[in-house]
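This report refers to the structure that appears directly beneath it.
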Amino acid sequence: MSDVLSTDIQFIKGVGPKLAQVLSKKGISTVEDALYFLPRAYEDRRKISKCRQLIPNQNATLLVKVISCREIRQGRKMRLEVVAADDTGRVAFSWFHAYPSLKEDFAEGNILVCFGEVKFFKGFPQITHPEYEKMTEFQEGKPKASIHFGRVVPVYSETEGLHQKTLRRMMGEVMKLSLNSLDDSLPDSMRERLNLPSLRSSFKAVHFPEECPQENQVSKFLQRIIFEEFFVLQLGLGLKKKNQKSEKAPVLKTDSSELKKFLQSLPFELTGDQQTALKDIQRDLERHFAMSRLVQGDVGSGKTVVALASAVIASGNGFQTALMAPTELLAQQHFRTAEKLFQPLGIVPLLLTHSNASDNEVKEAIRTGRAQLVIGTHALFQKGVQFHKLGLVIVDEQHRFGVEQRNALVQKGEGAHLLMMTATPIPRTLAFTLYGDLDLTLIRQKPANRIPIKTSIIKDRERHKLYAKLRERLQRGEQAYIIYPLIEASEKLDLKSATEMYETLRKEVFPSHSLALLHGKMKADEKEKILLDFKNKKYDILVATTVIEVGIDVPNSTLIAIEHPERLGLSQLHQLRGRVGRGSLQSECILVAESFVTERLKIMERSEDGFEIAEEDLKLRGPGEFLGTRQSGLPGFRVGHILRDAELLNLARNEALELLEKDPSLENPENKKIRDMVQSRWKEKLVRLKGG
Ligand code: ADP
Ligand code: MG
Numbered sequence: 044m045s046d047v048l049s050t051d052i053q054f055i056k057g058v059g060p061k062l063a064q065v066l067s068k069k070g071i072s073t074v075e076d077a078l079y080f081l082p083r084a085y086e087d088r089r090k091i092s093k094c095r096q097l098i099p100n101q102n103a104t105l106l107v108k109v110i111s112c113r114e115i116r117q118g119r120k121m122r123l124e125v126v127a128a129d130d131t132g133r134v135a136f137s138w139f140h141a142y143p144s145l146k147e148d149f150a151e152g153n154i155l156v157c158f159g160e161v162k163f164f165k166g167f168p169q170i171t172h173p174e175y176e177k178m179t180e181f182q183e184g185k186p187k188a189s190i191h192f193g194r195v196v197p198v199y200s201e202t203e204g205l206h207q208k209t210l211r212r213m214m215g216e217v218m219k220l221s222l223n224s225l226d227d228s229l230p231d232s233m234r235e236r237l238n239l240p241s242l243r244s245s246f247k248a249v250h251f252p253e254e255c256p257q258e259n260q261v262s263k264f265l266q267r268i269i270f271e272e273f274f275v276l277q278l279g280l281g282l283k284k285k286n287q288k289s290e291k292a293p294v295l296k297t298d299s300s301e302l303k304k305f306l307q308s309l310p311f312e313l314t315g316d317q318q319t320a321l322k323d324i325q326r327d328l329e330r331h332f333a334m335s336r337l338v339q340g341d342v343g344s345g346k347t348v349v350a351l352a353s354a355v356i357a358s359g360n361g362f363q364t365a366l367m368a369p370t371e372l373l374a375q376q377h378f379r380t381a382e383k384l385f386q387p388l389g390i391v392p393l394l395l396t397h398s399n400a401s402d403n404e405v406k407e408a409i410r411t412g413r414a415q416l417v418i419g420t421h422a423l424f425q426k427g428v429q430f431h432k433l434g435l436v437i438v439d440e441q442h443r444f445g446v447e448q449r450n451a452l453v454q455k456g457e458g459a460h461l462l463m464m465t466a467t468p469i470p471r472t473l474a475f476t477l478y479g480d481l482d483l484t485l486i487r488q489k490p491a492n493r494i495p496i497k498t499s500i501i502k503d504r505e506r507h508k509l510y511a512k513l514r515e516r517l518q519r520g521e522q523a524y525i526i527y528p529l530i531e532a533s534e535k536l537d538l539k540s541a542t543e544m545y546e547t548l549r550k551e552v553f554p555s556h557s558l559a560l561l562h563g564k565m566k567a568d569e570k571e572k573i574l575l576d577f578k579n580k581k582y583d584i585l586v587a588t589t590v591i592e593v594g595i596d597v598p599n600s601t602l603i604a605i606e607h608p609e610r611l612g613l614s615q616l617h618q619l620r621g622r623v624g625r626g627s628l629q630s631e632c633i634l635v636a637e638s639f640v641t642e643r644l645k646i647m648e649r650s651e652d653g654f655e656i657a658e659e660d661l662k663l664r665g666p667g668e669f670l671g672t673r674q675s676g677l678p679g680f681r682v683g684h685i686l687r688d689a690e691l692l693n694l695a696r697n698e699a700l701e702l703l704e705k706d707p708s709l710e711n712p713e714n715k716k717i718r719d720m721v722q723s724r725w726k727e728k729l730v731r732l733k734g735g
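Counting in my numbering, the sequence shown runs from 44 upward without gaps.
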C-alpha cells in the first residue's frame, strides 16, 4: 500500500483526533478505508431552482440572498428564522437551535446556496434545516461549483456526530490527496480485455460522479472496484490452495483389496455421486501432498459411508484415521455404523469422548496404533491424545468446528490428509468465497431407496390435524419428533414453554403413549440415554429442541413436527426435516406456523433439495443471517455483495484461476503489482472471512 493510502485519517485536513474516533466506528481509519467508504446515494444538485417554481415535498437547490435573520425565543430554546430571496420570490429557512456560526453565515446580504426539502406554510415556501454553503466565489455571475453544490453530490451513511457535509468535505480532501497515488494493480492487458476503467477514474466517478447514477444500478466504475476486491480475494484463495498442495502427506495406495471387500460387503450399492466423491478422494490420497477436500451433501445423502471407505484406505496403508463429530451423540452413531460395517474387515474402531479420554487403555490403543479408526468429539484434539501414525483426519459437520480445532487435530499426524463433510449445503457463490481454498465435492443424488418426505404447513389453530396424524402413525408402531426451537435471547422462557408443551402433550394429548423430552441443557449421558431409548422404541414421541438437528438416525421415526418454524432459517428447517425419511417408510414433516404462512416457508413444501433451499435462504436473508453468527464466516467485503454481484464474482474467480494457471506464482513483471496487492490484502481478508 502506498504511504498516502495508509495515512491515518486524523491527519486529513479538517479531521483531527476527535472526528477520527467517530470515523473509526464506520471502519474508517486510513485514507484507503475512506476511499472504500462509498456513497449510499446521490443527489443531483446541478440545477438551481427559482423560488417561484418550488414544488411542495421535493428537494431543491436554491441560490439566494439573505433579507432578514432573526432569533425567536421558544421556551428555553432560540429558534432561527431566515428570509431569503432570488429574483423571482422569497423562501424561509428555519432552525430549531440558533447557534452563533449559523447566525454569522446567514447575516443579511450574504449569498448562499441552499438545499433541502421544500414545504409550504401559508402558501410560502420553507425549508427546515437546509444544507447550505456560503458563496464567496463566482464564475460569470454564477456560484462556482463546490463539493456540496452545482454537481451530483454523494450522500454517505451517517452516524452520530458525523454529518454529510463533514463527510463530503473529508472525501473531497481524500480524493485530492490520494487520486495520484492510486495505481492500477490489475494487469493492463486484463483491464483492456475486460474493458475496465482505471482505478483512479473509478473512485473519482463513484464519489463525485459527473452524471447522476441510477438508483440500484451498479455503474461500470463501481463494478471496477468490486471486481478488484473479488479478484484479489480469489487470487489469495487460489494461492493458498496452491500452498496447501505443497504440504507433504503420505501417498496412499487406493485400489486395495480391503476397499473392494468393504464396498462389496455393504448392504447397498453406492450412488453415482457417492462413487464420484470416493474417486475424488482416492485421487487426492494417491498424491504426495495433503488432501483438503470438503464434501457437501444433503442430510441422508450418504456421506458417512464415503468417509468410512476413506478410513478403510488409510488403514490398508497402515495409517490411522481420526473421525471428529461435533456432538457425542453423533460420534456414538458413527461409531456404531463403523462397528457394523467394519466387521467383515476386522477393523476395530474406537470411540473417544470426554468420558473416556483419560482412560489409559484407550490412550494406549491410540498411541500404539492398535486403534485404526478413532471416532470422537472435541476430545480428539486434546493434548493428551497421541497417535501412532495418523494419516487421515475426517471432520463431520465441519462448520461446527473452528479452523484451529481442525488444525490441532491434523497436526497430530505428520502431514495428514483432511476430509471435511457438511450437510449444510452452501450456495455456489458463497462457497467460492468461503471455501475457495478447498477442493469441493457435491453429493446431490440421494440413495435410490429413499422415499420423498411429504411436507405441509398448518396453522397453530389447526393443531388437531397434527395430533390426528400423530395418532395414526403411533398406532402403526411408528415414532415421531416434535421440535421446539429455542432462540438464544429468551432461552429460559422458551425452555419453559418447551417443557410445558411436553407436559401438556404427555398428560393431556397422548396420555396412553410414552414421551421423552430432550434439550441442550441436559448432560451428555442423559441425552445419549434418551436417544438410545428412543431408538429402541421405549418412547413414541420425542419432544426436542434443535439439539437433534445434527445427524441423528432413527429410521422408525417417520413424522417430524416443527413448532415456530418462522424462527429458523430454511436451511436449518431442512436439516431438521432430514431426521425423518431415513428408513423404508413414507415420512412426513409438518410445520406449525404461528398465525400466517409466509412465502419463505412455502419453499419447504415445494423443495427437498438442500442446495435449492440454501440458495433461497441466502437470497431472502443475506449471507450474514444465512451463515448464522458472524464468527462462522460472513464474507467481509467492503464494496461487493455476493448476491447482487454474483456475476462479477464468477468473472473474478475465472480470471483468477486463469491467471494462476498461466503464472502460478505471479512472477511475471506484468503481475507484480497485483501480487503485492494480494499479499498486503488477502491475509487481512481471510482473517475477516474465517474469523481466524
Ligand atoms: P448423511 O449424508 O446425512 O451423513 P448417512 O451417511 O447417515 O447420511 O446416510 C443416511 C442413510 O442412508 C444411512 O442409513 C445409510 O446407511 C444409507 N445409505 C447410504 N448410502 C446409501 C446407498 N447408496 N444406498 C442406500 N442406502 C444408503
Ligand atoms: Mg452424517
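Glycine included, every Cβ here is placed at the ideal spot set by N, Cα and C.
In this structure, the beta-carbon distance from Asp482 to Thr347 does not fall below 9 angstroms. Under the Cβ criterion (8 angstroms, minimum of three pairs), the region 513-524 counts as touching the region 601-614. Within the model, the alpha-carbon separation for Ser358 versus Gln488 is close to 28 angstroms. The beta carbons of Asp568 and Ser398 sit closer together than 9 angstroms. For Gly653, the closest C-alpha among the options Leu105, Ile633, Thr589, Gln618 is that of Gln618. A Cβ-Cβ separation of about 4 angstroms places Phe424 in contact with Leu452 under the 8 angstroms criterion.
In this structure Gly434 is buried. Its beta-carbon is surrounded by 16 or more other beta-carbon atoms within 10 angstroms. Looking at the DSSP output, Gln339 bridges to Thr465, Leu485. Ser111 and Leu123 do not touch by the CB rule: their CB atoms are close to 11 angstroms apart, not below 8 angstroms.
The C-beta of Ala541 has 16 or more other C-beta atoms within 10 Å across all chains shown, which makes the residue buried. By the neighbour-count criterion, in which 16 or more other beta carbons inside 10 Å mark a residue as buried, Gly683 falls on the buried side.
In the three-state DSSP reduction, Tyr199 falls in the coil class, being neither helix nor strand. Within the DSSP secondary-structure output, Tyr524 pairs in a beta bridge with Leu585, Ile603. Rounded to the nearest whole angstrom, the C-alpha separation of Glu254 and Val195 is 7 angstroms. Glu637 sits in coil when the DSSP states are folded into three classes, being neither helix nor strand.
Looking at the DSSP output, Leu558 shares a beta bridge with Ile584. Counting C-beta atoms within 10 angstroms of its own C-beta, Ala350 has 16 or more neighbours from the protein chains shown and is therefore classed as buried. In the three-state reduction of the DSSP assignment, Arg133 falls in the strand class, which pools E and B. Here Phe273 is buried. Its C-beta has 16 or more other C-beta atoms within 10 Å. For Leu529 and His206, the gap between their C-alpha atoms comes out near 41 angstroms. Within 10 angstroms of the beta-carbon of Phe164 lie fewer than 16 other beta-carbons, which makes it exposed. Counting only residues of its own chain and dropping the five nearest sequence neighbours on each side, Asp129 has a CB closer than 8 angstroms to the CB of Lys93, Cys94, Leu105, Leu106, Val107, Lys108. Glu382 has its Cβ no nearer than 8 angstroms to any heavy atom of the ligand ADP. With distances taken between CA atoms, Glu637 lies nearest to Glu609 out of Ser723, Ile486, Glu609, Ile154. Exposed is the label assigned to Leu309, since fewer than 16 other Cβ atoms lie within 10 Å of its Cβ.
Using a cutoff of 8 angstroms, the CB of Asp480 does not count as near the ligand ADP, since none of the ligand's heavy atoms is closer than that.
Taking 9 angstroms as the cut-off, the Cβ atoms of Leu691 and Ile269 count as close.
Using a cutoff of 8 angstroms, the CB of Met544 does not count as near the ligand ADP, since none of the ligand's heavy atoms is closer than that. Proximity to Thr364 across Arg410, Val417, Glu151 peaks at Val417, based on C-alpha coordinates. The three-state secondary structure of Phe332, taken from DSSP, is strand. Around the beta carbon of Tyr175, 16 or more other beta carbons lie within 10 angstroms, which makes this residue buried. Judged by pairs of C-beta atoms under 8 angstroms, the region 449-465 does not touch the region 260-269, as fewer than three such pairs exist. Taking 8 angstroms as the cut-off, one finds no heavy atom of the ligand ADP near enough to the beta carbon of Arg487. Collapsing the DSSP output to three states places Glu151 in coil. Placement of the Cβ of Met334 at a distance of 8 angstroms or more from every heavy atom of the ligand ADP is found.
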